[in-house]
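Chains as they are written, first to last, in the numbering used here: chain A, 2 to 458; chain B, 2 to 458. Every residue gets a Cβ at the ideal spot worked out from N, C-alpha and C, and that includes glycine. As the structure is a prediction and not an experimental result, all values here were calculated from the model. Before any comments, here is the structure.
There are 2 protein chains.
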Amino acid sequence: MQKINIGLIGFGTVGTGVVKVLNENAKIIQDRLGAEIVLKKIADKDIEKDRGVPVDRGILTTDAFDIINDPDISVVIELVGGIEPAKKFILKSLENKKSVVTANKALLATHGEEIFNCAVKNDVDIGFEASVGGGIPIIKSMKEGLAANRINSIYGIINGTANYILSKMTNEGGKFEDVLKKAQEKGYAEKDPTYDVEGIDTAHKLAILINLAYGTNIKLDDIYIEGITRIAPLDIKFAKEFGYRIKLLAIAKEENNRIEARVHPTMIPAHHPLANVDGVYNAIHINGNAVGSVMFYGRGAGMMPTASAVTADVIDICRNMRHVPAGSPIKDFGDKFKQGMGIKTRVSPLSYLPSEIKKVEINNMESLEMPYYIRFSVIDKPGVLSKISGILGSHNISISSVVQKDRKVGGAVPLVIVTHDAKEKEMRQAISEIDSLDIILDKTVHLRIEENIGAGE
Amino acid sequence: MQKINIGLIGFGTVGTGVVKVLNENAKIIQDRLGAEIVLKKIADKDIEKDRGVPVDRGILTTDAFDIINDPDISVVIELVGGIEPAKKFILKSLENKKSVVTANKALLATHGEEIFNCAVKNDVDIGFEASVGGGIPIIKSMKEGLAANRINSIYGIINGTANYILSKMTNEGGKFEDVLKKAQEKGYAEKDPTYDVEGIDTAHKLAILINLAYGTNIKLDDIYIEGITRIAPLDIKFAKEFGYRIKLLAIAKEENNRIEARVHPTMIPAHHPLANVDGVYNAIHINGNAVGSVMFYGRGAGMMPTASAVTADVIDICRNMRHVPAGSPIKDFGDKFKQGMGIKTRVSPLSYLPSEIKKVEINNMESLEMPYYIRFSVIDKPGVLSKISGILGSHNISISSVVQKDRKVGGAVPLVIVTHDAKEKEMRQAISEIDSLDIILDKTVHLRIEENIGAGE
Numbered sequence: 002m003q004k005i006n007i008g009l010i011g012f013g014t015v016g017t018g019v020v021k022v023l024n025e026n027a028k029i030i031q032d033r034l035g036a037e038i039v040l041k042k043i044a045d046k047d048i049e050k051d052r053g054v055p056v057d058r059g060i061l062t063t064d065a066f067d068i069i070n071d072p073d074i075s076v077v078i079e080l081v082g083g084i085e086p087a088k089k090f091i092l093k094s095l096e097n098k099k100s101v102v103t104a105n106k107a108l109l110a111t112h113g114e115e116i117f118n119c120a121v122k123n124d125v126d127i128g129f130e131a132s133v134g135g136g137i138p139i140i141k142s143m144k145e146g147l148a149a150n151r152i153n154s155i156y157g158i159i160n161g162t163a164n165y166i167l168s169k170m171t172n173e174g175g176k177f178e179d180v181l182k183k184a185q186e187k188g189y190a191e192k193d194p195t196y197d198v199e200g201i202d203t204a205h206k207l208a209i210l211i212n213l214a215y216g217t218n219i220k221l222d223d224i225y226i227e228g229i230t231r232i233a234p235l236d237i238k239f240a241k242e243f244g245y246r247i248k249l250l251a252i253a254k255e256e257n258n259r260i261e262a263r264v265h266p267t268m269i270p271a272h273h274p275l276a277n278v279d280g281v282y283n284a285i286h287i288n289g290n291a292v293g294s295v296m297f298y299g300r301g302a303g304m305m306p307t308a309s310a311v312t313a314d315v316i317d318i319c320r321n322m323r324h325v326p327a328g329s330p331i332k333d334f335g336d337k338f339k340q341g342m343g344i345k346t347r348v349s350p351l352s353y354l355p356s357e358i359k360k361v362e363i364n365n366m367e368s369l370e371m372p373y374y375i376r377f378s379v380i381d382k383p384g385v386l387s388k389i390s391g392i393l394g395s396h397n398i399s400i401s402s403v404v405q406k407d408r409k410v411g412g413a414v415p416l417v418i419v420t421h422d423a424k425e426k427e428m429r430q431a432i433s434e435i436d437s438l439d440i441i442l443d444k445t446v447h448l449r450i451e452e453n454i455g456a457g458e
Numbered sequence: 002m003q004k005i006n007i008g009l010i011g012f013g014t015v016g017t018g019v020v021k022v023l024n025e026n027a028k029i030i031q032d033r034l035g036a037e038i039v040l041k042k043i044a045d046k047d048i049e050k051d052r053g054v055p056v057d058r059g060i061l062t063t064d065a066f067d068i069i070n071d072p073d074i075s076v077v078i079e080l081v082g083g084i085e086p087a088k089k090f091i092l093k094s095l096e097n098k099k100s101v102v103t104a105n106k107a108l109l110a111t112h113g114e115e116i117f118n119c120a121v122k123n124d125v126d127i128g129f130e131a132s133v134g135g136g137i138p139i140i141k142s143m144k145e146g147l148a149a150n151r152i153n154s155i156y157g158i159i160n161g162t163a164n165y166i167l168s169k170m171t172n173e174g175g176k177f178e179d180v181l182k183k184a185q186e187k188g189y190a191e192k193d194p195t196y197d198v199e200g201i202d203t204a205h206k207l208a209i210l211i212n213l214a215y216g217t218n219i220k221l222d223d224i225y226i227e228g229i230t231r232i233a234p235l236d237i238k239f240a241k242e243f244g245y246r247i248k249l250l251a252i253a254k255e256e257n258n259r260i261e262a263r264v265h266p267t268m269i270p271a272h273h274p275l276a277n278v279d280g281v282y283n284a285i286h287i288n289g290n291a292v293g294s295v296m297f298y299g300r301g302a303g304m305m306p307t308a309s310a311v312t313a314d315v316i317d318i319c320r321n322m323r324h325v326p327a328g329s330p331i332k333d334f335g336d337k338f339k340q341g342m343g344i345k346t347r348v349s350p351l352s353y354l355p356s357e358i359k360k361v362e363i364n365n366m367e368s369l370e371m372p373y374y375i376r377f378s379v380i381d382k383p384g385v386l387s388k389i390s391g392i393l394g395s396h397n398i399s400i401s402s403v404v405q406k407d408r409k410v411g412g413a414v415p416l417v418i419v420t421h422d423a424k425e426k427e428m429r430q431a432i433s434e435i436d437s438l439d440i441i442l443d444k445t446v447h448l449r450i451e452e453n454i455g456a457g458e
């Protein structure tokens, strides 16, 4: 049986998971692939630590270049994370004609163009299934399963930490700060949770999904980003009363060759499948012009789910490598299987041919129009609603419903307004004006509403 | 640009959808594939009928063999449906070294082994994404995206008609017969709904999923099949009271190299994501030993979703065909692109190498153990519960809860019992004994409960 040598850089949680999957599922992987995947070397700064998986100590090295420069290794798995030295490791591997598998969403979201171009130039593959949605095969589905579709919209819950916090606040109550603290104690949130709760990690993943959907290379700066730190228990309660749930969503929509790209806490109808994606689960809802609405759901992180995606990419690349074309004089690699032979770049990194990657126009956030939920903290006296609705009216914002309940919070009373479609720009101006009134006791909270997810069906 | 000629046999609803997708999304498909897909011929018995899509009349033929025997056609799409002549068309195409794409679940579930072997023997591909779950890329996900996993379980809502009827009964009330009638009027159910409501179509699809998951070739007879015709509004109501929903599920589980394979109406916890899959939507919930639980959701049928899957398969096959391996003397097909070149069978029909396809042991339905919901129609008099629970006890069936409500239905009162885990065989014997008592006024209904879908997490 053919043997294909691979190397692993980064022996952390996910790296350990990959070793586990390759060990425990070796037989089933071989039965499906028709070749043996041999983990020839593992590089990590710390090769003394016991990772809890059986590994021949002889394959461990502290020097990633022992893998990158090994002519007998065909596939390099990069699980170092962060920008450098991960970027250097990947580019050097590609230049050495090795295919690369990575879970590094931050790197791909910020330097994807350079990395993909390098892979194409060197006629090797780059797999990044694990970069979005953990074990959910969303990247492959977008590149291949939905390849016949023009993508109308993408709505994703793609950060498990933020979703865990919002789910807890929704199902069990509690303030953001307290729930975050508990999540940190349970290991569901990092010590520094900024990337997760401020929406940055979600934006990294959205950039990757947008680039796949539209064959482009948008930058992180092209995405409007807002986190969940302002969400108060009151907002969660009002959302429920209005028949909504609050989720941190990654949103992309295309219309007339212009796209929207944004990450923010969003009110969505409580009956929508996305509204019931709870805890650390992820889900990506896609509407394509042929397929209609599809949704992919699963664990968005963790050792084994992420390892499942990394290993699927390795199998995919190996399936390409072990094949020769019909009509080729090379009938069978057999024992003479040479590392690195077989086909490469069967599917381009972003699904689109490199020559078809184009710049897309992105709609400015301020130009968007949608319904809003606005919660004002007002003094409880007559005339307040009239003043506020007057200012909203002067900005062409019309009101769909108003709720004022006697729930005093620090002397203030919440006044909640749900609007019809309004312009983001007008909304910001109106709130700024209203917040300068002396009837307003605390900063106004406004949340965007997505009423028709996957509409057009 | 390379051109790849394809032929379409069967110009019905889905065939028309394929023509629409190839027309409307031609540019985006070309940008992704790097080749032009040319629909060279369409065969149908009726070539006079206006299908509502622009088609050059010159490509229409009434003879499928005009396509099957055309040396310039590389890929044949079979959308005739049924067993014959679809089977003959597929086998002849494969023998003529053409790759085939089909949506024909009934054929694959009953003659899959012969068709897959024929594809392998002739070194061509067979795509059948459209055979399960409409546009949901479930086949590709199982063959590739989850290829690193041992599959622990599959739970599928994979018949839109049955799910539509059960959803309507759950959300709006009504008897099975009345809701079916409305579904037929709306075109959601066939005139003869047997395949859909009796679970046969679901079993066809389950056979395909099982063969993919476990690398085997089970027969339809290996699957226990029970439809939804016995479900009464009372059962729907009681299910809700117990915190369940009733869904027609396709279920497969593996343990110690033995599998369960069954289709029946099932009570599942109301909070489970599958419980909220309503209307004509499909969903497939898979638990893999690495990925944990993942769920795929979307429209399970219809012109455009199914066409999305068919076209994805065509693109997939074309992506194989247009490639030459690194190191091959054939550098670029260029203008000399020859139909049928490129690689084939990059992924085996069932993902597993043909040499690894094995017989699996299937657990007899009677040997299974699970909790049950049982609804007895009893005479309302003292001692009834004692008699029934006595017989259940003599069969080692222990009771978890009992509900007897004063809801007279034709003189009878419903007595509902939910059991702890019990053996199917004992359950059948107990019910048979109980049904012969004179306190029983109507046939007892029993439904299986799946409490821990995707358990082990």
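CB contact check: residue i to chain A, cutoff 8 Å
i: SER399 of chain B; result: no
i: LEU9 of chain B; result: no
i: GLU145 of chain B; result: yes
i: PRO234 of chain B; result: no
i: LYS30 of chain B; result: Per the sequence shown, residue 30 of chain B should be read as Ile rather than Lys. With 8 Å as the cut-off, ILE30 of chain B counts as an interface residue toward chain A.
i: LYS141 of chain B; result: yes
i: LYS332 of chain B; result: Reliability of the predicted coordinates at LYS332 of chain B is poor, the pLDDT of 46 falling under 50, and the value obtained from them is presented with this limitation in mind. So no, LYS332 of chain B is outside the interface.
i: VAL281 of chain B; result: no
i: GLN340 of chain B; result: With a pLDDT of 48 at GLN340 of chain B, under the threshold of 50, the predicted position of this residue should be treated as unreliable, though the coordinate-derived value follows. Answer no: the Cβ-Cβ gap between GLN340 of chain B and chain A never drops below 8 Å.
i: ARG259 of chain B; result: no
Whether residue i touches residue j by CB criterion (8 Å)
i: GLY216 of chain A; j: GLU357 of chain A; result: yes
i: PHE243 of chain B; j: VAL419 of chain B; result: yes
i: ALA204 of chain B; j: ILE226 of chain B; result: yes
i: GLU427 of chain B; j: ILE380 of chain B; result: no
i: ASP180 of chain A; j: ILE159 of chain A; result: Strictly speaking, residue 180 of chain A in this sequence is Val, with Asp absent from that position. Not closer than 8 Å, so no.
Minimum C-alpha distance to residue i - residue among the options
i: HIS265 of chain B; options: B:GLU451, B:VAL54 and B:LYS4; result: B:GLU451
i: GLY161 of chain B; options: B:TYR282, B:LYS359 and B:ILE7; result: B:TYR282
i: CYS119 of chain A; options: A:LYS93, A:ILE398 and A:ALA291; result: A:LYS93
i: LEU369 of chain A; options: A:PRO355, A:GLY188 and A:ALA423; result: A:ALA423
i: HIS286 of chain A; options: A:LYS50, A:LEU210, A:LYS98 and A:ILE224; result: A:LEU210
i: ASN290 of chain B; options: B:ILE74, B:ARG58, B:ASN97 and B:ASN153; result: B:ASN153
i: GLY459 of chain B; options: B:ILE116, B:MET304, B:PRO350 and B:HIS112; result: Absent from the model: residue 459 of chain B. The displayed extent of chain B is 2 to 458, so no value can be given.
i: LEU448 of chain B; options: B:ILE237, B:ILE68 and B:THR195; result: B:ILE237
i: PRO415 of chain A; options: A:ALA107, A:ILE440, A:TYR353 and A:VAL20; result: A:ILE440
i: GLY47 of chain B; options: B:ALA36, B:GLN430 and B:ALA65; result: It should be pointed out that residue 47 of chain B corresponds to Asp in this sequence rather than to Gly. The option with the nearest alpha carbon to ASP47 of chain B is B:ALA65.
CB contact below 8 Å: residue i versus chain B
i: ASP126 of chain A; result: no
i: GLY335 of chain A; result: Legend: pLDDT at GLY335 of chain A = 45, less than 50; position of this residue unreliable, value from coordinates given subsequently. No - not a single Cβ of chain B is within 8 Å of the one on GLY335 of chain A.
i: ASP317 of chain A; result: yes
i: SER437 of chain A; result: no
i: PRO138 of chain A; result: yes
i: PRO55 of chain A; result: no
i: THR14 of chain A; result: no
task: Please list the residues of the region 286-298 of chain B that have a C-beta atom closer than 8 Å to any C-beta atom in chain A, keeping them in chain order.
output: Taking 8 Å as the Cβ-Cβ cut-off against chain A, the residues of the region 286-298 of chain B that qualify are GLY289, ASN290, ALA291, VAL292, GLY293, SER294, VAL295, MET296, PHE297 and TYR298.
message: By the 7 Å beta-carbon criterion, what residues does the region 350-383 of chain B contribute toward chain A?
response: Answer in chain order: SER352, TYR353, LEU354 and GLU357.
message: Pairs of beta-carbons, one from the region 79-88 of chain B and one from the region 312-326 of chain B, closer than 8 Å: are there three or more?
response: Cβ pair count under 8 Å is below three, so no.
At least 3 beta-carbon pairs within less than 8 Å: the region 96-115 of chain A vs the region 62-82 of chain A: Per the Cβ contact rule, the region 96-115 of chain A is in contact with the region 62-82 of chain A (3 or more Cβ pairs under 8 Å).
- prompt: Are there three or more Cβ pairs, one per stretch, closer than 8 Å when the region 22-31 of chain A is compared with the region 122-130 of chain A?
  reply: Output reads no: the region 122-130 of chain A does not touch the region 22-31 of chain A.
query: Taking contact to mean at least 3 C-beta pairs separated by less than 8 Å, is the region 231-250 of chain A in contact with the region 230-246 of chain B?
result: With a cut-off of 8 Å on Cβ pairs, the region 231-250 of chain A is not in contact with the region 230-246 of chain B, counting fewer than three such pairs.
query: Using a beta-carbon distance cut-off of less than 8 Å, what residues from the region 215-245 of chain A approach chain B?
result: Against chain B - using a Cβ distance shorter than 8 Å - the residues of the region 215-245 of chain A are GLY216.
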